[in-house]
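The structure appears right after this line, and notes come after that.
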Amino acid sequence: MMGSTYPVNNLPPNRGRGLFEKVDSILNAADLTLGNLEGTLLKGGVCSKQIKKGRCYAFRTPPDFANNLVHAGFDFMNLANNHMNDFGYNGIVSTVKALTDVDIQSGGPYEKIGQFEIDSLKIAIVCFSTSPNTHTIFDIEQAQQSVAEQAKVNDIVIVSFHGGGEGLNYLHTRDTSEYFLRSPRGNVVKFARAVIDSGADFVWGHGPHVPRAIEVYKDRLIAYSLGNFCTWGFNVDDERGFAPILEIVLDSTGVFKHGKIISAIQKKFQSLELDTLYRAANLIKKLSIDDFPNSTPQITGEGIILRQKRRLDRRMLEQIIY
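Numbering (our numbering), first residue to last: 31 to 352.
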């Protein structure tokens with residue numbers, strides 16, 4: 031969320047051009063860079079929510095801010111979240127158009143799916159949410175069918191989901207149905223494992239606004255929440271300011287090989303910065319061991335992720351990092 035003009039103007043200086051400058055070389059280096067966009071890219075419009083400070087928010091960012099995303103290196107933005115509908119149908123259409131105009135694909139609205147071809151591999155990105163007008167995480171059987179259909183015609187299937195409770199009380203991931211402000215937020219463990227059972231190769235979550243655990247399930251990686259990343263002008267104290275970049279390597283069949291959690295940090299009204307204390311990586315490491323002791327991969331203090339628990343020598347570290 032790169033700043034908002036609703037309900038009051040709260041935008042970064044210079045049209046947000048410096049928001050990603052400390053991390054854009056990392057984002058641009060990947061074969062495929064994915065993000066989750068909270069809010070709309072829109073001028074004007076009528077808000078569809080009853081705004082209440084501390085409990086209900088709506089975000090409206092100028093459409094030209096899409097340029098910041100493409101310059102940062104993003105190829106795809108998930109829109110399936112609780113802010114996709116902030117300004118109704120017109121907000122959705124404007125957001126999709128603003129992204130399309132800068133050659134960024136999007137997924138989520140009205141079951142829209144991302145499609146890429148990289149090194150002759152066909153890749154589909156299917157997006158789920160607890161909100162209307164998207165694939166829903168509540169109907170797991172239907173979710174499995176949707177993923178299975180894509181697995182039949184693609185080499186790699188990525189699933190993005192928006193689910194789980196929000197805030198510091200929801201750092202831990204449990205295999206149970208979650209609620210936030212009395213609203214159901216799904217059983218994210220049951221959902222993530224079910225879509226892998228049906229052909230998903232990587233499952234990536236967002237929604238809690240804090241990082242959560244990762245696990246390897248049937249040789250596939252699940253990241254239950256990557257927290258906030260670029261949240262201009264809002265409370266990013268404590269773990270809410272941890273901004274992990276998850277870099278992963280899959281083989282041609284979707285099996286997770288290795289990865290890295292690159293720790294960045296946010297401060298209110300400041301651009302992203304790399305975190306030399308590796309706070310995001312170490313938080314995810316701890317949460318993964320606590321919540322998934324039998325399926326957590328090996329995570330080093332610097333954020334390197336390996337499927338197998340083994341001793342790392344310097345040569346191996348250099349191969350993974352470089």
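Ideal Cβ positions, reconstructed from N, Cα and C, are used throughout, including at glycine.
Would you please state the rounded distance, in angstroms, between the beta carbons of residue i and residue j? I believe it to be under 8 angstroms.
i	j	result
glutamate 196	glycine 237	7 angstroms
leucine 49	methionine 31	Actually they do not touch by this definition, with Cβ atoms about 10 angstroms apart.
glycine 103	threonine 130	No, glycine 103 and threonine 130 are not in contact; Cβ-Cβ is about 17 angstroms, not under 8 angstroms.
Would you report the Cα separation of residue i and residue j, rounded to the nearest angstrom?
i	j	result
tyrosine 352	glutamate 303	Only weak support is given to the placement of tyrosine 352: the predicted model assigns it a pLDDT of 44, under 50, and the value that follows is read from those uncertain coordinates. Taking the straight line joining both Cα atoms gives about 21 angstroms.
histidine 107	lysine 142	It should be pointed out that residue 107 corresponds to methionine in this sequence rather than to histidine. Their Cα atoms are separated by approximately 11 angstroms.
valine 240	isoleucine 252	16 angstroms
arginine 337	isoleucine 319	13 angstroms
isoleucine 329	valine 219	20 angstroms
glycine 46	leucine 71	13 angstroms
tyrosine 254	arginine 309	17 angstroms
proline 214	threonine 164	16 angstroms
tyrosine 87	aspartate 205	28 angstroms
glutamine 172	serine 228	11 angstroms
isoleucine 295	threonine 283	33 angstroms
histidine 288	valine 183	25 angstroms
threonine 35	glutamine 145	31 angstroms
glycine 121	proline 92	11 angstroms
aspartate 133	lysine 79	30 angstroms
proline 42	lysine 298	11 angstroms
lysine 73	asparagine 39	12 angstroms
phenylalanine 210	glycine 118	22 angstroms
arginine 242	aspartate 185	28 angstroms
phenylalanine 191	glycine 138	9 angstroms
aspartate 281	glutamate 208	33 angstroms
Among the options, which has the Cα closest to the Cα of residue i?
i	options	result
asparagine 111	Phe95, Phe89 and Lys127	Phe89
threonine 306	Gly333, Ile170 and Ser213	Gly333
serine 293	Asp94, Ala253 and Asn312	Asn312
aspartate 105	Asn120, Gln80 and Asp54	Asp54
lysine 52	Asn98, Ser34 and Asn39	Asn98
glycine 216	Phe259, Asp267, Ile186 and Thr166	Thr166
leucine 67	Asn115, Leu198 and Pro323	Asn115
histidine 113	Ala128, Cys77, Tyr247 and Ala96	Cys77
Are the beta-carbon atoms of residue i and residue j separated by less than 8 angstroms?
i	j	result
phenylalanine 221	isoleucine 170	yes
alanine 273	glycine 263	no
valine 285	aspartate 249	yes
glycine 194	tyrosine 200	yes
valine 177	alanine 230	yes
valine 233	valine 189	yes
isoleucine 314	isoleucine 56	no
histidine 202	leucine 109	no
glutamate 245	phenylalanine 322	yes
Could you check whether the Cβ of residue i sits closer than 7 angstroms to any heavy atom belonging to the ligand GTP?
i	result
phenylalanine 158	Ligands are entirely absent from the displayed structure, and the ligand GTP is therefore not among its contents.
Under a CB-based cut-off of 8 angstroms, is residue i close to chain B?
i	result
proline 241	The question asks about chain B, but that chain is absent: this structure has only one protein chain.
Problem - 4-residue-minimum alpha helix (DSSP H) runs that sit fully inside the region 148-233, ordered along the chain - result: Runs of the alpha helix (DSSP H) inside the region 148-233: 170-183 and 218-227.
Problem - Entirely enclosed alpha helix (DSSP H) segments - the region 235-309, minimum 4 residues - result: The region 235-309 contains no whole alpha helix (DSSP H) run of 4 or more residues.
Exercise for the section: Report the residue ranges of all beta strand (DSSP E) runs contained in full by the region 33-85; include only those spanning at least 3 residues, in chain order. Expected result: Here the runs fully enclosed are 64-66.
Practice task
Scan the region 98-143 and note each continuous alpha helix (DSSP H) run of 4 residues or more that stays entirely inside, going in chain order.
Solution key: The region 98-143 contains, as complete alpha helix (DSSP H) runs of 4+ residues, the segments 118-131 (chain order).
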